[in-house]
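Asks: Here it is: the structure, laid out below.
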Amino acid sequence: MKKYYLPLICLFLLACTPMALAQFPGAAPSVKGKVSGRLLDAETGAAIPYATVILFAKQASPPKGAPASAPAADSLAAASPWKQVNGALSDEAGSFTIKDIAIGEYKVEIAFLGYDKKTLSFQTTGAKPDYDLGSVQLAVTAQLLEGVTVTGQKEVIEHHVDKLVFNAENDPSLAGGDATDVLRKTPMLAVDLDGNLSLRGNSNVRLLINGKPSTLFSGSVADALRSIPADEIKKVEVITVPTAKYDGEGSGGIVNIITKRKGMEGMKGTLNLNAGLRALGGGGSLTMGRGRFGLNGNLFGNYGLTRRSGNDLYRETWGENPQQLFQRGEGESRFDFLSGKIGAYYDFNAYTSVNSAVSLRNFSNTTTSLSNSRRFNTGSDTPFELISRNSFMDMSNTSFDWTNDFRRTYEGSEREIALAFQLSGNLSNTLNRFSEQGARTLANNNTNDSDNLEYTYQADYTEPFGKWGKLEIGAKAVVRRLTSDFAAFVGPGISEGLEIDPTQSDAFAYDQDVIGGYSSLNAKLNKKWSLITGLRYEHTRIGFDFRDRDLTADNAYGSFLPSAIASYTFTPMTSLKASYTRRIQRPNLYFLNPYIRQNSTLFISQGNPKLAPEITDQLELALNTMVKKNVVNLSLFYRSTQDVIESFQSLQRIEQDTVTLSSFLNVGTNQAFGANVFTNIKFTKWVSLFLSADASTYNVSSASLGLSNKGLVAGGNAGLNFNFGKGWKANTFTFYRSAQPTLQGRQPSYMFMNMGISKDILKEKGNIGLSAANPFSEFIEFRSEVRGENFYQSSAFRNQQRDIRLSFRYNFGDMKFRPQNRNTRIRNDDQKSGGSQGGEGN
């Protein structure tokens, strides 16, 4: 443990330096104070973020007998005894503070779209220069303006200073869908057919659920996302510049999926049913609260309907025996899932609470395919080999998360102590089976049973420092234990006489321990400038071994991960932000597991346990503003990544056959320049448009392999939201992502479309909706290319994407919500997630 002391001491000294400097401020004027408060929805008790708070000071009356000045002819304000002197926006918790106000008599005007304006008066004195307005409740506007009823509802898209928020619960077209549908509609995010998630063109994204990691994402992210019902997702947070308090993982940024849950008094439940061309599903949730104790739970299930697919592949090899391979196949697949969760909390008092929750998910994926291949000697018109191949894949995955959190806050202060523990597990069983007939007859059955356990211990402390800022410090330990037992059975027959192949069979164990600490200082330098600086240190130890092979490894390394964000506020609605951050991206089990995934004799894939982590440095400049009450965000960024992890394909000679081996390598470095623009435009009270577009360069090079490639990656999404009144809502959505360059070629471009309409029924307790995905094309085609030293390969994959879905939701019970922050503090942001486990040739 001595090796950890020096880095942690450095963190402590870093934290103390700005604290010490803060003890010597410049000369201050006479006694000044502050006014603070918290804004809440009068009906639900929920916090109201980003409301406008304007401070007015009462002007002194002229002395008796003094001549009164005439009021200005063009302004009645000149005659008013009140003068605007300052203002602020409430934060995400609804809290606001206006500092440096002189002793005197004041009033505040509070305004937010969809709520009645509220005015409160107060007075400060020399004995009590600070004034706390306490909890200020705002009533939802309910008046007719030009025949339109204005109601208080969050926008579908919100842009905050540190993140972008997509309020999925307000999008009717997502009813009955899954997390993949939600993320595809989130600005700056892209999810391709294989489930690969990218943020502004960078696939190194860390996924969290309610602010914490889950082993659900340790394998196939595509399957994991499909197992999370859209009806259970409240919102998605996109964080492009994580501060030091976040784990170092996720060089491209962090995506936090927030599920529906609140503090409550009473009982409330929801029932959901949906039926479409892809799946039939349903579920429900129930929450109960009484006094200081509360329970919540949910259960969702989905029965997948058969979806068809097709693929074409061409491979050309050259050298001693140049050949050409043509392959065409068709397949069918099904996907089922069942997920449930139960949680409880207890408030000992207004400042101390505990929270515990257990979630369990199970999903299965079954795929069958039939393909035919022809091989030619280059220059010949007659194939020397004809093969017919039947393939079958069956995968079952069970994951669980048990989280426990303790929080202690203090009256009248932002001081907070938080302790957390989490146990996560992921148990997966996979069977790949194929048989070939024609020029040769053989069969291959390969299995893989993998377990992934993860233990997380975390402690965080927040200490405010007067009016100018706060310090956050914390420590964390993550213990990961991964095992994989894989075997292959081969033989010349179709199903009998199979024997184990020792070259493709073994047991693999992988250990990873990450111990870290951080210090982050949030300072308000003056009315215009604010600064967040921090440093995180993580020490990583990894080791792996095999049961049958003489191959082991034990390695350790440390990583210093600094971050800094400087923000300048021009007006309450316009700010400029410059940031720097360093992130680390460790490969997860999907990238590391050497289990050989084989569904033909010509194509195999496996992980690489010797992968090193990626290290990324990023600079970003972002402008947030409003143009005629429309949000506009523009950002420019530069990103440099070392030890880039990419899929790498090569040719191997196995028993006189030319086989394409797909694995993962640290291929080299990547330099990227990019820009992103986002806007949300309200044309009328009925119609709004959101638009997000990004473009970045991709310049990857490998000195060891002597390869390089570059290109431009561009994409975006746009949609229209309609609110017709009387419970009628509709929207349309389109997404596009251009081809992604890789060291050996390019990944496919793709586009999705979606539209939907819904109606509130049963006195607004129910809702029925109809949505259509890709209604104008039943199949979507994805084309990719790969070039190697002695081969070229192109493929086209067609997948059935059209879907028409009918959904129904019913809410019952009565409950008063109380805003409570019950999200766990655990955020394991450090692992690179894998996409779908498919993608090899059939």
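FYI, in mature numbering (1 follows the signal peptide of the UniProt record, and there is no 0) the residues of the sequence shown are -22 to -1, 1 to 820. By construction, the Cβ of each residue, glycine as well, lies at the ideal position given by its N, Cα and C atoms. None of the values given here were measured: they were computed from a predicted structure.
(1) Count the other CB atoms within 10 Å of the CB of Lys106; is the residue buried (16 or more) or exposed (fewer)?
(2) Per DSSP, what are the beta-bridge partners of Trp706 in this structure?
(3) Rounded to whole angstroms, what's the CA-CA distance from Ser553 to Thr511? Just pull it up for me.
(4) Kindly indicate which three-state DSSP category Arg527 falls into: helix, strand or coil?
(5) Can you give me the C-alpha to C-alpha distance between Thr248 and Pro27, rounded to a whole angstrom?
(6) If we ignore side chains and look at the alpha-carbon of each, how far apart do Leu431 and Asn340 end up?
(7) Classify Asp528: buried if its beta carbon has 16 or more other beta carbons within 10 angstroms, exposed otherwise.
(8) Distance check for Thr344 and Arg312, CA to CA, integer angstroms please.
(9) When burial is assigned at 16 or more other CB atoms within 10 Å of the CB, is Thr102 buried or exposed?
(10) What is the C-beta distance between Thr425 and Thr440, in whole angstroms, given that I count them as a contact (C-beta under 8 angstroms)?
(11) I need the DSSP call for Tyr329, collapsed to helix, strand or coil.
(12) Buried or exposed for Asn504, please, with buried defined as at least 16 other CB atoms from any protein chain shown within 10 angstroms of its CB.
(13) According to DSSP, is Val214 part of a helix, a strand, or is it coil?
(14) Which residue or residues does DSSP assign as beta-bridge partners of Asp463?
(15) Along the alpha helix (DSSP H) that carries Thr158, what are the first and last residues, could you check?
(16) If we ignore side chains and look at the alpha-carbon of each, how far apart do Pro220 and Ala421 end up?
(17) Going by beta carbon distance, what residues of the same chain come within less than 7 angstroms of Gly475, once the five residues before and after it are set aside?
(18) Under 9 angstroms, do Ser613 and Gln649 count as touching if we go by C-beta distance?
(19) Would you check if there are 3 or more beta carbon pairs closer than 8 angstroms linking the region 698 to 713 to the region 732 to 742?
(20) For Pro480, count the other beta carbons within 10 Å of its own beta carbon; 16 or more makes it buried, fewer makes it exposed. Which is it?
(21) Within 10 angstroms of the Cβ of Val233, are there 16 or more other Cβ atoms? Answer buried if so, exposed if not.
(22) Hey, Phe326 and Gly279: beta-carbon distance below 9 angstroms or not?
(23) Can you give me the C-alpha to C-alpha distance between Pro59 and Phe100, rounded to a whole angstrom?
(24) Rounding to the nearest angstrom, what Cα-Cα distance links Asp383 and Trp446 in this structure?
(25) Residues bridged to Gly254 by DSSP?
(26) Between the Cα of Val214 and those of Lys223, Gly262, Thr158, spot the shortest distance and give me the residue it belongs to.
(27) Ordered along the chain, which non-local residues of its own chain (more than five positions away) have a Cβ less than 7 angstroms from that of Pro15?
(28) Starting from Phe90, follow its DSSP beta bridges and name the residues at the other end.
(29) So, at 8 angstroms on beta carbons, what are the nonlocal neighbours of Phe626 in its own chain, with the 5 sequence-adjacent residues on each side left out?
(30) Alpha carbon to alpha carbon, how far is Ser287 from Gly261? Give it in angstroms, no decimals.
(31) Are the Cβ atoms of Val216 and Leu152 separated by less than 9 angstroms?
(32) In whole angstroms, give me the CA-to-CA distance for Leu509 and Leu18.
(33) Considering only their Cβ atoms, is the gap separating Lys36 from Ile79 smaller than 9 angstroms?
(34) Would you say the region 266 to 273 touches the region 287 to 300, given that touching needs at least three Cβ pairs under 8 angstroms?
(35) Alpha carbon to alpha carbon, what distance is there between Lys319 and Ile206?
(36) I need the DSSP call for Asn410, collapsed to helix, strand or coil.
Replies: In short:
(1) By one-based count along the sequence shown, residue 106 stands at place 128. Exposure of Lys106 is indicated by the presence of fewer than 16 other C-beta atoms within 10 angstroms of its C-beta.
(2) One-based indexing of the sequence shown puts residue 706 at position 728. Per the DSSP secondary-structure output, Trp706 pairs in a beta bridge with Gly703, Lys737.
(3) Numbered from its first residue, the sequence shown carries residue 553 at position 575. Numbered from its first residue, the sequence shown carries residue 511 at position 533. Going from the Cα of Ser553 to the Cα of Thr511 covers about 18 angstroms.
(4) Residue 527 sits at position 549 when you count from the first residue of the sequence shown. Under the three-state reduction of DSSP, Arg527 is assigned to coil, being neither helix nor strand.
(5) As a working mapping, residue 248 is identified with position 270 in the sequence shown. As a working mapping, residue 27 is identified with position 49 in the sequence shown. Computed Cα separation, rounded: 26 angstroms.
(6) Translated into positions along the sequence shown, residue 431 becomes position 453. Translated into positions along the sequence shown, residue 340 becomes position 362. Spanning the alpha carbons of Leu431 and Asn340 requires a straight line of approximately 16 angstroms.
(7) One-based indexing of the sequence shown puts residue 528 at position 550. Burial call: exposed.
(8) Counted from its first residue, the sequence shown places residue 312 at position 334. Counted from its first residue, the sequence shown places residue 344 at position 366. Spanning the two alpha carbons is a distance of roughly 5 angstroms.
(9) For this step, residue 102 is matched to residue 124 along the sequence shown. Burial call: buried.
(10) Your numbering for residue 425 matches position 447 in the sequence shown. Your numbering for residue 440 matches position 462 in the sequence shown. 49 angstroms between Cβ atoms; not a contact.
(11) For the purposes of this step, residue 329 is taken as residue 351 along the sequence shown, with counting starting at 1. Tyr329 falls in the coil class under three-state DSSP.
(12) Walking along the sequence shown from the start, residue 504 turns up at place 526. Burial check for Asn504: the Cβ neighbour count within 10 Å stays below 16, so the residue is exposed.
(13) Within the sequence shown, residue 214 is the residue found at index 236, counting from 1. Reduced to three states, the DSSP call for Val214 is strand.
(14) In the sequence shown, residue 463 corresponds to position 485, counting from 1. Note: Asp463 sits in a beta bridge opposite Asp427, Ala485.
(15) Mapped onto the sequence shown, residue 158 falls at position 180. 157 to 162 is the extent of the alpha helix (DSSP H) around Thr158.
(16) Locating residue 220 in the sequence shown gives position 242, counting from the first residue. Locating residue 421 in the sequence shown gives position 443, counting from the first residue. About 49 angstroms.
(17) Mapped onto the sequence shown, residue 475 falls at position 497. For Gly475, same chain residues with a beta-carbon under 7 angstroms away, outside a window of 5 residues either side, are Gly469 in chain order.
(18) Against the sequence shown, residue 613 aligns to sequence position 635. Against the sequence shown, residue 649 aligns to sequence position 671. No, the pair does not count as a contact, with Cβ atoms beyond the cut-off.
(19) Output reads yes: the region 732 to 742 touches the region 698 to 713.
(20) The sequence position of residue 480 within the sequence shown is 502, counting from 1. The residue is exposed, with fewer than 16 neighbouring Cβ atoms inside 10 Å.
(21) Taking the sequence shown and counting its residues from 1, one reaches residue 233 at position 255. Buried is the call here.
(22) Start at 1 with the first residue of the sequence shown, and residue 326 comes out as number 348. Start at 1 with the first residue of the sequence shown, and residue 279 comes out as number 301. Not in contact: Phe326 and Gly279 (Cβ atoms no closer than 9 angstroms).
(23) The residue given as residue 59 occupies position 81 in the sequence shown. The residue given as residue 100 occupies position 122 in the sequence shown. Between Pro59 and Phe100, the alpha-carbon positions lie close to 15 angstroms from each other.
(24) Your numbering for residue 383 matches position 405 in the sequence shown. Your numbering for residue 446 matches position 468 in the sequence shown. Distance between Asp383 and Trp446, taken at the CA atoms: about 29 angstroms.
(25) Along the sequence shown, one-based indexing puts residue 254 at 276. The partner list for Gly254 (beta bridge, DSSP) reads Arg783.
(26) Position 236 of the sequence shown, counted from the start, is the residue given in the question as residue 214. Nearest C-alpha to Val214 among Lys223, Gly262, Thr158: Thr158.
(27) One-based indexing of the sequence shown puts residue 15 at position 37. Before going on, a small fix: residue 15 reads as Gly here, not Pro. Only Phe74, Asp110, Leu111, Gly112, Val114 meet the Cβ criterion.
(28) Working through the sequence shown from its first residue, we reach residue 90 at position 112. Bridge partners of Phe90: none, in fact.
(29) Counting from 1 along the sequence shown, the entry for residue 626 is found at position 648. The answer, listed in chain order, is Ser640, Ser641, Phe642, Leu643, Val645, Leu721, Gln722.
(30) Position 283 of the sequence shown, counted from the start, is the residue given in the question as residue 261. Position 309 of the sequence shown, counted from the start, is the residue given in the question as residue 287. Cα to Cα, Gly261 sits roughly 29 angstroms from Ser287.
(31) In the sequence shown, residue 216 corresponds to position 238, counting from 1. In the sequence shown, residue 152 corresponds to position 174, counting from 1. Contact flag unset, no.
(32) Within the sequence shown, numbered from 1, the residue matching residue 509 stands at position 531. Within the sequence shown, numbered from 1, the residue matching residue 18 stands at position 40. Each residue's alpha carbon lies about 28 angstroms from the other.
(33) Locating residue 79 in the sequence shown gives position 101, where the first residue counts as 1. Locating residue 36 in the sequence shown gives position 58, where the first residue counts as 1. No, these two residues do not count as a Cβ contact at 9 angstroms.
(34) Three or more Cβ pairs closer than 8 angstroms define a contact, and the region 266 to 273 falls short of that threshold against the region 287 to 300.
(35) Taking the first residue of the sequence shown as 1, we reach residue 206 at position 228. Taking the first residue of the sequence shown as 1, we reach residue 319 at position 341. Cα-Cα distance, rounded: 12 angstroms.
(36) Against the sequence shown, residue 410 aligns to sequence position 432. If DSSP states are grouped into helix, strand and coil, Asn410 belongs with the strands.
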